[in-house]
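*Asks:*
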Amino acid sequence: FEAEAVETTLNADGWFLQGTNLSLQAGIRIESWSEYGGPTELGVYEVEAVNYADCGLCLLMAADCIDEDNCNTYYYADTGSLEITTAELSENGAIEATLTDVVFREVTIDNNYNSTLVEDGKTWCVDGTYAGIFPETLNEGDAAPDYSGPDQNGDTVSISSLQGTMLVALFNANDWCPYCVNEAGTTEALWQEMKSVDERYDVSFVEFLYDDGSFDNAATQEDATTWADRFGNTYPVLHGEGARTYFDESDLTGFPSYWVVDPLGQIRSIHVGQASLSTEMLQEQFEAFLADNPDWTRD
Numbered sequence: 004f005e006a007e008a009v010e011t012t013l014n015a016d017g018w019f020l021q022g023t024n025l026s027l028q029a030g031i032r033i034e035s036w037s038e039y040g041g042p043t044e045l046g047v048y049e050v051e052a053v054n055y056a057d058c059g060l061c062l063l064m065a066a067d068c069i070d071e072d073n074c075n076t077y078y079y080a081d082t083g084s085l086e087i088t089t090a091e092l093s094e095n096g097a098i099e100a101t102l103t104d105v106v107f108r109e110v111t112i113d114n115n116y117n118s119t120l121v122e123d124g125k126t127w128c129v130d131g132t133y134a135g136i137f138p139e140t141l142n143e144g145d146a147a148p149d150y151s152g153p154d155q156n157g158d159t160v161s162i163s164s165l166q167g168t169m170l171v172a173l174f175n176a177n178d179w180c181p182y183c184v185n186e187a188g189t190t191e192a193l194w195q196e197m198k199s200v201d202e203r204y205d206v207s208f209v210e211f212l213y214d215d216g217s218f219d220n221a222a223t224q225e226d227a228t229t230w231a232d233r234f235g236n237t238y239p240v241l242h243g244e245g246a247r248t249y250f251d252e253s254d255l256t257g258f259p260s261y262w263v264v265d266p267l268g269q270i271r272s273i274h275v276g277q278a279s280l281s282t283e284m285l286q287e288q289f290e291a292f293l294a295d296n297p298d299w300t301r302d
């Protein structure tokens, strides 16, 4: 499997290396998750038959198509080895890994990331070396980049206009992302709860809707309105090519994702995956902000 294009990501969740072969309509993704003890050192690591929801080192493959909607078949590696020959885990650092005798077996993956082997499913046997350079990334502690664009009502909303509040910026894809659908059904109630907890600060929510359901096309105002109405969400849902580009340049690795931004515009928390959002978490972030800025008061 020769990668014609390579993407790399490095963040608090771990490091990720993805190679895509457009001719084969397939892509291989190497994932090292910090929370589950994924590898960070040079060495040879055996690929084990571990549930995708619990793996530290995960080798995943999507194949059969790229350009159509919801058409990929997923394959998960359960045998073989991976050798990390370069591991400079920093911005502009290099990562290189070699797969040897790796067998990817067809699976289904549910909303909780549990992988289930497909009986009599297809397999891929892969050897190859994949390498890339980690880009400069947004990190916790950096200023949130400003953005200004239309919401579902046609009103212009900017990140800077929400400064002075504890801001939760949500990044969701459309219906092809079941985790995004699950999250979108809970965030309005969570926002209302958060707003009533502590009179020392205001809470704002804003959502970036990535696509129109096809992945390839930006969400329109009609898409954003339909999405907001479907879940009863009254906070701004931003859309269009600008909102799509904002996500692409945010260094987030997938959907759903969110940032927590403090009243001075600093990113306090970055999370990728099903939300761990809670009123308690936001309160903790505010207290940490106040400890760093004891003279700050709500306008």
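In this note's numbering, the protein residues as written are 4 to 302. Here a beta-carbon is modelled for each residue, glycine too, at the ideal position from N, C-alpha and C.
Is the region 228-245 close to the region 271-283, with three or more CB pairs under 8 angstroms?
*Replies:* Segment contact: the region 228-245 against the region 271-283, fewer than three CB-CB distances shorter than 8 angstroms; contact not assigned.
*Asks:* Can you give, in chain order, each stretch of the alpha helix (DSSP H) that sits fully within the region 200-258 and has at least 4 residues?
*Replies:* Listed in chain order, they are 224-234, 244-251.
*Asks:* Residues in the same chain with beta-carbon distance under 6 angstroms from Ala-231, minus the five sequence neighbours each way, listed in chain order, please.
*Replies:* Taking the sequence shown and counting its residues from 1, one reaches residue 231 at position 228. Correct list, in chain order: Gln-155, Val-240.
*Asks:* Starting from Glu-191, trace the beta strand (DSSP E) both ways and give me its first and last residue.
*Replies:* Start at 1 with the first residue of the sequence shown, and residue 191 comes out as number 188. Looking at the DSSP string, Glu-191 is not in any beta strand (DSSP E); the run it does join, the alpha helix (DSSP H), is 190-198.
*Asks:* Quick check on Asp-113: does DSSP put it in helix, strand or coil?
*Replies:* Translated into the one-based positions of the sequence shown, residue 113 becomes position 110. If DSSP states are grouped into helix, strand and coil, Asp-113 belongs with coil.
*Asks:* Tell me the rounded alpha-carbon separation between Asn-95 and Thr-140.
*Replies:* The residue you call residue 95 lines up with position 92 of the sequence shown. The residue you call residue 140 lines up with position 137 of the sequence shown. Roughly 9 angstroms separates the two Cα atoms.
*Asks:* Which residue comes first and which comes last in the alpha helix (DSSP H) that contains Cys-183?
*Replies:* As a first step, residue 183 is located in the sequence shown; it is residue number 180 there, counting from the start. Its alpha helix (DSSP H) spans residues 181-187.
*Asks:* What's the gap between the Cα of Ser-118 and the Cα of Leu-293?
*Replies:* Locating residue 118 in the sequence shown gives position 115, where the first residue counts as 1. Locating residue 293 in the sequence shown gives position 290, where the first residue counts as 1. If I take the Cα positions, the gap works out to 42 angstroms.
*Asks:* Is the CB-CB distance between Trp-127 and Tyr-78 below 7 angstroms?
*Replies:* Looking up residue 127 in the sequence shown gives position 124. Looking up residue 78 in the sequence shown gives position 75. Yes.
*Asks:* Alpha carbons only, please: which of Thr-159, Met-169, Ala-52 is nearest the one belonging to Gly-268?
*Replies:* Working through the sequence shown from its first residue, we reach residue 268 at position 265. Per the C-alpha coordinates, the member of Thr-159, Met-169, Ala-52 positioned closest to Gly-268 is Met-169.
*Asks:* Enumerate in chain order the residues of its own chain whose CB-to-CB distance from Gly-131 is below 6 angstroms, with the five nearest sequence positions on each side excluded.
*Replies:* Working through the sequence shown from its first residue, we reach residue 131 at position 128. Once the five neighbours on either side are set aside, the close Cβ partners of Gly-131 are Phe-4, Leu-102.
*Asks:* Skipping 5 residues on each side, what residues in its chain have a beta carbon closer than 6 angstroms to that of Phe-234?
*Replies:* By 1-based counting over the sequence shown, the position of residue 234 is 231. Excluding sequence neighbours, Phe-234 sits near Ala-187, Gly-188.
*Asks:* What do you reckon, are the CB atoms on Asp-145 and Ile-270 nearer than 7 angstroms?
*Replies:* Against the sequence shown, residue 145 aligns to sequence position 142. Against the sequence shown, residue 270 aligns to sequence position 267. Their beta carbons are under 7 angstroms apart, which means Asp-145 touches Ile-270 by this criterion.
*Asks:* Have a look at Asp-302, Glu-91, Ala-227 and flag the residue whose alpha-carbon is nearest the alpha-carbon of Asp-178.
*Replies:* As a first step, residue 178 is located in the sequence shown; it is residue number 175 there, counting from the start. When Asp-302, Glu-91, Ala-227 are compared, the shortest CA-CA separation from Asp-178 is found for Ala-227.
*Asks:* What are the start and end residues of each continuous beta strand (DSSP E) run of 3 or more residues lying completely inside the region 90-169, in chain order?
*Replies:* As far as the region 90-169 is concerned, its whole beta strand (DSSP E) runs of at least 3 residues are 97-112, 118-120, 126-136, 151-153, 159-161.
*Asks:* Kindly indicate which residue of Thr-223, Glu-283, Thr-76 has the alpha-carbon position closest to the one of Val-121.
*Replies:* As a position in the sequence shown, residue 121 is number 118, starting the count at 1. When each option's Cα is compared against that of Val-121, the closest is Thr-76.
*Asks:* Thinking C-alpha only, which one of Thr-256, Gly-135, Ser-199, Gly-17 is nearest Ala-8?
*Replies:* Here residue 8 refers to the residue found at position 5 when the sequence shown is read from its first residue. Nearest C-alpha to Ala-8: Gly-135.
*Asks:* Give every residue of the same chain whose Cβ lies closer than 8 angstroms to the Cβ of Leu-27, excluding the five residues on either side of it in the sequence, and list them in chain order.
*Replies:* Residue mapping note: residue 27 aligns to position 24 of the sequence shown, counting from 1. Excluding sequence neighbours, Leu-27 sits near Phe-4, Ala-66.
*Asks:* Tell me where the alpha helix (DSSP H) around Phe-292 begins and ends.
*Replies:* Within the sequence shown, numbered from 1, the residue matching residue 292 stands at position 289. From DSSP, the alpha helix (DSSP H) with Phe-292 extends over 282-295.
*Asks:* So, are the CB atoms of Ala-176 and Tyr-213 less than 7 angstroms apart?
*Replies:* As a working mapping, residue 176 is identified with position 173 in the sequence shown. As a working mapping, residue 213 is identified with position 210 in the sequence shown. Yes, Cβ-Cβ distance for Ala-176 and Tyr-213 is below 7 angstroms.
*Asks:* The beta strand (DSSP E) spanning Gly-22 covers which residue range?
*Replies:* On the sequence shown, position 19 is the one that residue 22 refers to. That run of the beta strand (DSSP E) goes 17-24.
*Asks:* Just to confirm, is the Cβ distance from Thr-282 to Glu-196 under 7 angstroms?
*Replies:* Against the sequence shown, residue 282 aligns to sequence position 279. Against the sequence shown, residue 196 aligns to sequence position 193. Yes, the Cβ-Cβ distance between Thr-282 and Glu-196 is below 7 angstroms.
*Asks:* Tell me which residues share the same chain as Tyr-55 and place their Cβ nearer than 8 angstroms to its Cβ, disregarding the 5 neighbours each side in the sequence.
*Replies:* Here the question's residue 55 lines up with position 52 in the sequence shown. Contacts found: Cys-61, Leu-63, Tyr-79, Val-110, Ile-112, Tyr-116, Asn-117, Ser-118.
*Asks:* Report yes if the CB atom of Leu-92 is closer than 7 angstroms to the CB atom of Trp-18, and no otherwise.
*Replies:* Translated into the one-based positions of the sequence shown, residue 92 becomes position 89. Translated into the one-based positions of the sequence shown, residue 18 becomes position 15. Contact: yes.
*Asks:* Expressed to the nearest angstrom, what Euclidean distance is found between the alpha-carbon atoms of Asn-114 and Ile-31?
*Replies:* The sequence position of residue 114 within the sequence shown is 111, counting from 1. The sequence position of residue 31 within the sequence shown is 28, counting from 1. Going by the C-alpha atoms only, they are around 20 angstroms apart.
*Asks:* Got a sec, what are the start and stop residues for the beta strand (DSSP E) Trp-262 sits in?
*Replies:* The residue you call residue 262 lines up with position 259 of the sequence shown. It spans 260-264 - the beta strand (DSSP E) in which Trp-262 sits, taken as one unbroken run.
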